[in-house]
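K.L.:
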Amino acid sequence: MAAHSDYVEHLREFDPADLDWSIFKRRIDNYCIANEITDENRKGAILFNVLSEEAYKLVYNWCLPTEPTDENYSELIPLLTEHFKPSLTVFAVRYQFYNSPRTSSETVRDWSARLRNLVVLCEYEELDMVLRDHFIVGYNKGPVQDRLFQKKKSITFKKGSGNSSF
Numbered sequence: 000m001a002a003h004s005d006y007v008e009h010l011r012e013f014d015p016a017d018l019d020w021s022i023f024k025r026r027i028d029n030y031c032i033a034n035e036i037t038d039e040n041r042k043g044a045i046l047f048n049v050l051s052e053e054a055y056k057l058v059y060n061w062c063l064p065t066e067p068t069d070e071n072y073s074e075l076i077p078l079l080t081e082h083f084k085p086s087l088t089v090f091a092v093r094y095q096f097y098n099s100p101r102t103s104s105e106t107v108r109d110w111s112a113r114l115r116n117l118v119v120l121c122e123y124e125e126l127d128m129v130l131r132d133h134f135i136v137g138y139n140k141g142p143v144q145d146r147l148f149q150k151k152k153s154i155t156f157k158k159g160s161g162n163s164s165f
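Numbering (numbering that gives the first Met the number 0), first residue to last: 0 to 165.
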């Protein structure tokens with residue numbers, strides 16, 4: 000087990016109004032791995048320590064009449080996930096994907112990453128084709144989009160999104 004002075008990084012408080020639960024969950028998992036924390040009680044104590052007051056109250060109310068510390072970390076994480084990241088139907092996720100054009104302040108790289116993140120949940124069999132089509136159609140009107148429209152259908156998403164100057 001890592002000595003206290005060997006701890007890697009620190010965890011930011013999880014406030015559901017400001018942070019994405021799925022990202023936070025990965026960070027707390029990585030924190031525990033990096034610091035060789037495997038004990039469920041210690042993981043739970045760390046989790047409770049980094050929850051905002053609102054999130055802690057939620058866990059506290061779930062656990063009544065017992066205390067949150069009486070619950071296993073591995074049992075609390077799915078409850079938090081279900082609450083902060085409710086499952087969306089495939090059509091709701093696809094709606095989000097198709098209604099995500101590039102914003103004027105977004106770089107091509109950032110927009111490509113955002114599209115990749117969204118399309119994973121869409122359950123398409125041909126991810127590259129769907130990503131490519133949405134990238135071209137959702138690109139801001141102008142000379143770059145005009146050049147993209149002239150490309151052959153064999154162009155891949157990686158090629159199209161990797162070079163916006165064409």
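Beta carbons are placed, not taken as given, at the ideal position from N, Cα and C, and that holds for glycine.
1) What does the alpha-carbon distance come out to for the pair residue 20 and residue 91?
2) In whole angstroms, what separates the C-alpha of residue 1 from that of residue 87?
3) For residue 182, tell me which candidate among 11, 41, 96, 48 has the shortest Cα-Cα distance.
4) Can you grab the Cα-Cα spacing for the pair residue 15 / residue 57, in whole Å?
5) When burial is assigned at 16 or more other CB atoms within 10 Å of the CB, is residue 111 buried or exposed?
6) What's the C-alpha gap between residue 120 and residue 93?
7) Whole angstroms is fine: what's the gap from residue 54's alpha carbon to residue 141's?
P.N.:
So, from the listed chains and residues:
1) Residue 20 and residue 91: Cα-Cα distance of roughly 19 Å.
2) Its pLDDT being 47, under 50, residue 1 is placed unreliably in this model, and the coordinates cannot settle the point.
3) What is shown of the chain runs 0 to 165, which leaves residue 182 out entirely.
4) C-alpha of residue 15 to C-alpha of residue 57: approximately 11 Å in a straight line.
5) Taking all protein chains shown into account, residue 111 has 16 or more neighbouring C-beta atoms within 10 Å of its C-beta and is therefore buried.
6) Taking the straight line joining both Cα atoms gives about 8 Å.
7) Approximately 45 Å, taken between the alpha carbons.
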